[in-house]
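Okay, structure first, notes after.
Number of protein chains: 2
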Amino acid sequence: MAVTIRDVARASGVHISTVSRTFSAPHLVNPETRSRVLATAEQLGYRPNRAARALITGRTHNIGLIVADIANPFFPPLIKAAETHARRRDYHVFVADTDEDPIVESDLVQALAKQVDGILLCSPRMSDDQIEQLRREVPLVVINRMITGLPAVVMDVGQGAREAVRHLLGLGHRHLVYLAGPRGSWTNREIRRAAGATARTAGADLTVLGPNQPVEEAGAAAAEAVLATGATAVLAYNDLMAIGLLQALQDRGVDIPGQVSVVGIDDIAYSGLVRPRLTTVANPTAAAGRTAVDMLLQQGDDGATGQVTLRTDLIIRNSTGPGPYAPAVAIAAEVAAHVKE
Amino acid sequence: MAVTIRDVARASGVHISTVSRTFSAPHLVNPETRSRVLATAEQLGYRPNRAARALITGRTHNIGLIVADIANPFFPPLIKAAETHARRRDYHVFVADTDEDPIVESDLVQALAKQVDGILLCSPRMSDDQIEQLRREVPLVVINRMITGLPAVVMDVGQGAREAVRHLLGLGHRHLVYLAGPRGSWTNREIRRAAGATARTAGADLTVLGPNQPVEEAGAAAAEAVLATGATAVLAYNDLMAIGLLQALQDRGVDIPGQVSVVGIDDIAYSGLVRPRLTTVANPTAAAGRTAVDMLLQQGDDGATGQVTLRTDLIIRNSTGPGPYAPAVAIAAEVAAHVKE
DNA sequence: CTCCATTCGGCAAACGTTTGCAACAGCTTA
DNA sequence: TAAGCTGTTGCAAACGTTTGCCGAATGGAG
């Protein structure tokens, strides 16, 4: 059916090894022969069978990318960056979605293991042990999780959370809520720890609500609980939850940021679209995708297992405002900002 | 390095063919032998090499799924549905993103061709000719495009556009704008044709603005042009553009739907989050993903090339309201709706 | 005790490539 | 003129499976 290296060899009167070399080591074959082979290959519509090649070379030129939920707008920019970057290096990226399920996650890694040269594990929900286990079957780079001895690229959400909390404290908030993310998320633990420590140091209260699925519905569902705490500011695990909460609070007649300030994390495309625009911690997702691809491709060479941490940035928009203990300067700044608009 | 069928055979004292059969045709091997083999395989951590298997069986148990832009929230639900459905049939889905570029699209199909049993081509930007060409290299199912002789599943946006236009006409709008999508999009042509015909029949005007990239920025950028036409209602190629337009108009102090009504298409998750909530045409994307997978997997058997059309639904929210020629009943209905809230 | 049917498992070829080795031609060098 | 390169090509084994074919073992029927 399909045209193979053998057909090309026959049609151009050379041995199959010559055809093979024409594609994989052109400098080893006579320019004249080469162009003849190339011509017949072109004419016959020959395409090298990458699977067969992989069988013998051991390199598939594919990369697996496993994410928790492709519908979460946090991931697509990362995926796109990784794909584009990999394509430049003649690699293809196979994306798969685990539905936030650690079992599916582990299955996927095993199924993909033989079809790819390595896997990018993005925000994994598995236990550290499981990941260590899988690592023996296939090269791994983990994104958004720190495991000793494993190559990883993480975005420094701890720093982002600290900045966000300081921003809220500076505005005069003294009782905060952290709307937690899913169980098993390393990011969630980091944020929680950083936010808690920062609040405590300043003598403020931080109530943790959760765990929650990282989706809008969960944010919306938490509205009552947030109000019940009496807190005046909320930091959410991600923008999706922050947006859900924002809308649910507004539906209850709560003024944002007048009565409650809300901060998200991720800076997804939609956080600038809701009203008020969401104050949030921007994550360098595209850079993370590219870095992870590079780390994976270099890994084969030496086996050095670096861990890269990427900076995050607090983006102040309109969902945060002065709290009950606001110093005069904060209020003045707020007024000035509004005038400027 | 990796443990192969041969290692298992040696360790359990049988021939490799017996091991092979244990996995691919269990009924042909003695239960006792089978469990022994299974046990050693388990113990050694053996996983069949799907690439090697594919080489001889000709079936990879992989499906390729090519989309224009994974960051467009229209696609993820389709991708997820296709993945879940495929996984049930022991298939894996490899997703790739073309960045709306027909050249990348064609390259991807060719690169994927040998590694998958078939490809789902979602909203392709290539020409019909190119697609026909590629079809000879690999089984194809096209989503959101109708090409004679090619298996396809399309969502009936024509019907949706007709309903949307009738809705606007019924509200008393007489001058509409269609904010067009990208060049090369079959969907775009369908909407344009259906909307144009419906408007014309009713004696209303329809101005077409475009082509545009199907993203928010393009919608926002079109705000001035829309206002310049003097139209009182807009149908956008997709929700992303509709949302961009919505925000840009509001930023200019235009009241939605008081002065201008806006209708999107797709019903992405965020169309219910913006204020006012977006009136839009819901597409059955999940069903489309599942159907396409089924068609692809059946294709091998007989080669029957059906074309499936899926219904769309107009969802009326708050971004549409009475126009300048509104009949009394429409206004009354509008008032009633507001009271009900 | 023989014959036949059935079940089980081994043998080896095949899938489409890559690659180390060897052969050969045409040179250059001494 | 022999020896030694260099550049080009062919040969054949290998990668990890699947599968058609055949022989061995078992058991029941006659």
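Heads up: the sequence lines are chains A and B, in that order. Mind the numbering: the first sequence is residues 13 to 353 in the working numbering, read in order. Mind the numbering: the second sequence is residues 13 to 353 in the working numbering, read in order. For every residue, glycine included, the Cβ atom is placed at its ideal position computed from N, Cα and C.
Across the set I280/B, I268/B, A237/B and G265/B, the C-alpha of I280/B shows the shortest separation from the C-alpha of N250/B.
DSSP, reduced to helix, strand and coil, places D119/B within a helical segment of the structure shown. In the structure shown, D113/A adopts coil according to DSSP, grouped into three states. For A294/A, no CB of chain B lies under 8 Å from its own CB, so it is not counted at the interface with that chain. Taken through DSSP and simplified to helix, strand or coil, L326/B comes out as strand. A residue is called buried when at least 16 other Cβ atoms come within 10 angstroms of its Cβ; T110/A meets this threshold and is buried. Judged by DSSP in its simplified three-state form, Q142/B adopts helix. Assigned with DSSP and collapsed to three states, N74/A falls in strand.
Close to chain B, meaning a Cβ-Cβ distance shorter than 8 Å, are the following residues of the segment 279-292 of chain A: A281, Y282, L285, V286 and R287.
Annotation for N84/B: no residue places its beta carbon closer than 6 Å to its own, counting only its chain and skipping 5 residues before and after. The beta carbon of I82/A lies closer than 8 Å to those of P88, I91, V107 and D109 in the same chain, with the five residues before and after it left out. If you look at G182/B, you'll find it in the alpha helix (DSSP H) that goes V169 to G182. When CB distances to chain A are screened at a threshold of 9 Å, the residues of the segment 117-130 of chain B falling below it are D119, L120, Q122, A123, L124, A125, K126 and Q127, in chain order. With respect to chain A, the C-beta atom of Q259/B has a partner C-beta closer than 8 Å. Annotation for L247/A: the continuous beta strand (DSSP E) segment containing it runs A245 to A248. Within its own chain, the residues whose Cβ lies closer than 7 Å to the Cβ of A294/B, once the five positions on either side in sequence are excluded, are D279, T324, D325 and I327, listed in chain order. By the criterion of a C-beta distance shorter than 7 Å, L120/B is surrounded in its chain by I78, A108 and T110, once the five residues flanking it on both sides are discounted. One thing to note: V150/B has its Cβ within 8 Å of the Cβ of A125/B. Setting aside the 5 residues that flank it on each side, R212/B is surrounded in the same chain by L218, each with a C-beta closer than 8 Å to its C-beta; the list follows chain order.
Three or more beta-carbon pairs separated by less than 8 Å are not found between the segment 150-163 of chain A and the segment 221-238 of chain A, which leaves the two stretches without contact. Among the residues facing chain B, N61/A is included, as its CB has a counterpart in that chain under 8 Å away. Restricted to the segment 224-277 of chain A, the alpha helix (DSSP H) segments that are unbroken, complete and at least 4 residues in length are 228-233, 235-241 and 251-263, listed in chain order.
Residue-level contact by beta carbon holds for P89/A and chain B, with a gap shorter than 8 Å. Linking L290/B to Q171/B through their CA atoms gives a straight-line distance of about 19 Å. Bounds of any beta strand (DSSP E) do not take in L90/B; it lies within the alpha helix (DSSP H) bounded by F87 to R100. Per DSSP, the beta bridge partners of D217/B are H187/B. A residue is called buried once 16 or more other Cβ atoms fall within 10 Å of its Cβ, and R18/A, having fewer, is exposed.
Taking a C-beta distance under 8 Å as the contact criterion, L188/A and L247/A qualify as a contact pair. DSSP lists L133/A and A164/A as the bridge partner or partners of V154/A. Between the alpha carbons of T45/A and L309/A lies a gap of roughly 33 Å. Rounded to whole angstroms, the gap between the alpha carbons of I68/A and S36/A is 13 Å. Put simply, the CB of F86/B is far from chain A, with every gap to its CB atoms at 8 Å or more. Using a C-beta cut-off of 8 Å, the segment 259-268 of chain B makes no contact with the segment 194-208 of chain B, since fewer than three inter-stretch Cβ pairs fall below that distance. Classified as buried, A21/A has 16 or more neighbouring CB atoms from the shown chains inside 10 Å of its CB.
Restricting attention to V165/B, G184/B, Q145/B and R59/B, the CA atom closest to the CA of A243/B is found in G184/B. Taken atom to atom, the span from the alpha-carbon of V116/A to that of A164/A is near 21 Å.
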